[in-house]
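Quick notes on the structure that follows.
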Amino acid sequence: LHDETIMFSGQPVALVLAETFEAARYAASLLGVQYENEAHNIDFEASLEEKFLPKKKRNTYHPPKTRGEPDTAFKASALQLSETYHLAPEHHNPMEMHASTVEWHGDGKITVYDKTQGSQGVQAYIASAFGFSKKDVRVVNAYVGGGFGSGLRPQYQVQLAVLAAKKLERSVRVVMTRQQMFTHAHRPECTYGIKLGAETTGMFTSIYGDATTSTSRFENNMEDIVTWGIMNYASPNAGGEYTIAPRDTYTSADMRAPGAATGMALFEIAVDEMAYKAKVDPLEFRMINYSEIDAMNELPFTSKALREAYREGADKFGWSKRTPEPRSMTEGKELIGWGVATGMWDAQFSKTAASAKLTANGHLEVATAASDIGTGTYTVLTQVAADTLGLPVDQITAKLGDSDLPTSPVEGGSWGAASGGAAVQLACQAVAKKLLKAAD
Numbered sequence: 001l002h003d004e005t006i007m008f009s010g011q012p013v014a015l016v017l018a019e020t021f022e023a024a025r026y027a028a029s030l031l032g033v034q035y036e037n038e039a040h041n042i043d044f045e046a047s048l049e050e051k052f053l054p055k056k057k058r059n060t061y062h063p064p065k066t067r068g069e070p071d072t073a074f075k076a077s078a079l080q081l082s083e084t085y086h087l088a089p090e091h092h093n094p095m096e097m098h099a100s101t102v103e104w105h106g107d108g109k110i111t112v113y114d115k116t117q118g119s120q121g122v123q124a125y126i127a128s129a130f131g132f133s134k135k136d137v138r139v140v141n142a143y144v145g146g147g148f149g150s151g152l153r154p155q156y157q158v159q160l161a162v163l164a165a166k167k168l169e170r171s172v173r174v175v176m177t178r179q180q181m182f183t184h185a186h187r188p189e190c191t192y193g194i195k196l197g198a199e200t201t202g203m204f205t206s207i208y209g210d211a212t213t214s215t216s217r218f219e220n221n222m223e224d225i226v227t228w229g230i231m232n233y234a235s236p237n238a239g240g241e242y243t244i245a246p247r248d249t250y251t252s253a254d255m256r257a258p259g260a261a262t263g264m265a266l267f268e269i270a271v272d273e274m275a276y277k278a279k280v281d282p283l284e285f286r287m288i289n290y291s292e293i294d295a296m297n298e299l300p301f302t303s304k305a306l307r308e309a310y311r312e313g314a315d316k317f318g319w320s321k322r323t324p325e326p327r328s329m330t331e332g333k334e335l336i337g338w339g340v341a342t343g344m345w346d347a348q349f350s351k352t353a354a355s356a357k358l359t360a361n362g363h364l365e366v367a368t369a370a371s372d373i374g375t376g377t378y379t380v381l382t383q384v385a386a387d388t389l390g391l392p393v394d395q396i397t398a399k400l401g402d403s404d405l406p407t408s409p410v411e412g413g414s415w416g417a418a419s420g421g422a423a424v425q426l427a428c429q430a431v432a433k434k435l436l437k438a439a440d
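Position 263 of the sequence shown, counting from 1, maps to 263 under the working numbering, and the rest follow consecutively.
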């Protein structure tokens with residue numbers, strides 16, 4: 001709709017509006033669109049010929065600093081593993097599809113009910129893109145039916161809905177179909193070459209990763225793929241490379257532990273294969289290479305109980321009964337396999353504001369613009385307020401999902417409870433301080 005350039009399959013080229021859903025669908029089916037073919041590439045393997053590392057700036061991930069001499073150490077290692085792993089793209093597909101309802105108030109103000117993980121991010125986008133004053137745009141997302149990262153940035157249905165509402169000066173609703181949920185954000189495709197060197201005891205002598213992920217041709221998206229394995233396992237020699245490969249698709253995006261889920265899943269496969277080469281139990285292999293510190297940055301972890309988790313998990317699971325030979329374990333007539341893998345994610349924290357208001361009848365209201373995407377944010381913040389002021393939870397109301405509320409980041413990265421909880425706690429402590437001062 002911006003111009004005649006088609007950048008990806010499924011890109012909206014027209015919007016049909018009607019009084020009913022059925023009429024809109026029927027009218028859209030009558031449209032005919034003619035295209036001229038241009039050279040394009042959607043194949044990831046072919047796009048690897050154009051892979052590159054963008055210039056370092058905000059929101060880019062660059063390879064970790066090399067430690068020791070990984071290539072020399074690899075060549076001298078008694079045991080060597082060199083494999084390339086591939087992860088296909090994945091689509092978020094939460095239960096609730098992306099949808100936006102724009103209420104046109106007729107006074108230059110709009111209220112947007114949007115499927116988003118961050119109301120204030122959508123508010124800022126709409127104000128900037130469509131020339132509204134920020135105070136004239138209110139975005140509401142009181143309840144969100146799952147997101148998994150697809151709602152961290154505005155998707156195209158909100159653009160279309162606001163565009164139509166502004167053009168017609170009336171309220172408009174745009175809802176994506178399930179098929180259209182496959183036309184936008186997705187976890188990037190990835191190829192990850194991993195080289196591991198080890199002594200015959202299983203101790204790592206070298207770790208090296210070379211990863212490339214997909215992005216669109218019109219926008220760069222990067223993920224932190226290679227640092228996780230280097231961070232988690234001890235090795236005197238470690239390093240990595242990371243690039244992105246452009247193709248003619250929609251831009252890849254964050255999806256549930258972006259970078260870490262991909263990087264650790266593929267790295268752990270390599271760890272298992274090296275354990276098999278070393279003839280060492282895969283759990284014992286991880287214990288041998290356990291790092292007490294962040295091995296990449298050579299800094300202590302704020303906390304780490306992974307060794308204890310390994311041991312307790314093995315005990316409860318009955319790991320000692322596992323036999324290592326392939327196809328050696330059965331359950332009835334079925335072959336079964338037991339495996340172990342490590343996952344990682346960093347404990348992030350983001351600047352958040354909250355308000356707390358205690359009424360004369362003892363009812364407390366706490367508020368922040370955070371979202372609840374099914375992770376229980378309402379419950380968590382209510383519990384934090386209850387613990388802070390000693391009130392029963394049925395005397396507390398949490399207000400979320402409204403851009404008019406105190407500043408909050410998008411709901412993602414597993415920082416919601418820590419960030420919003422801390423803000424609510426401070427707001428409640430301020431209320432308690434005022435009460436005690438008044439009591440004096």
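Where is the CB? At the ideal position from N, CA and C, for every residue including glycine.
Pairwise C-beta distances place the region 89-101 in contact with the region 173-180, as three or more of them are shorter than 8 Å. Here residue 189 is buried. Its C-beta has 16 or more other C-beta atoms within 10 Å. Rounded to whole angstroms, residue 256 and residue 401 show a C-alpha spacing of 20 Å.
DSSP places residue 211 in the strand class (E or B) of the three-state scheme. In the displayed model, residue 192 falls within a strand according to three-state DSSP. For residue 163, the enclosing alpha helix (DSSP H) begins and ends at 156-168. The beta-bridge partner set that DSSP reports for residue 114 consists of 100. Uninterrupted beta strand (DSSP E) stretches at least 3 residues long and entirely within the region 394-423 occur at 396-399, given in chain order. Spanning the alpha carbons of residue 191 and residue 44 requires a straight line of approximately 9 Å.
Around the C-beta of residue 327, fewer than 16 other C-beta atoms lie within 10 Å, and the residue is accordingly described as exposed. Note on residue 317: under 16 other CB atoms within 10 angstroms of its CB, so exposed under the neighbour-count rule.
In its chain, beyond the 5 residues on either side, 329, 330 have a beta carbon closer than 8 Å to the beta carbon of residue 336.
Burial check for residue 184: the Cβ neighbour count within 10 Å reaches 16 or more, so the residue is buried.
Between residue 293 and residue 301 a beta carbon distance of about 7 Å is seen, short of the 8 Å cut, so the two are scored as contacting. At least 7 Å separates the beta-carbon of residue 410 from that of residue 354. Judged by their CB atoms, residue 381 and residue 343 are not nearer to each other than the 7 Å cut-off. Here the alpha carbon of residue 320 sits roughly 7 Å from the alpha carbon of residue 314.
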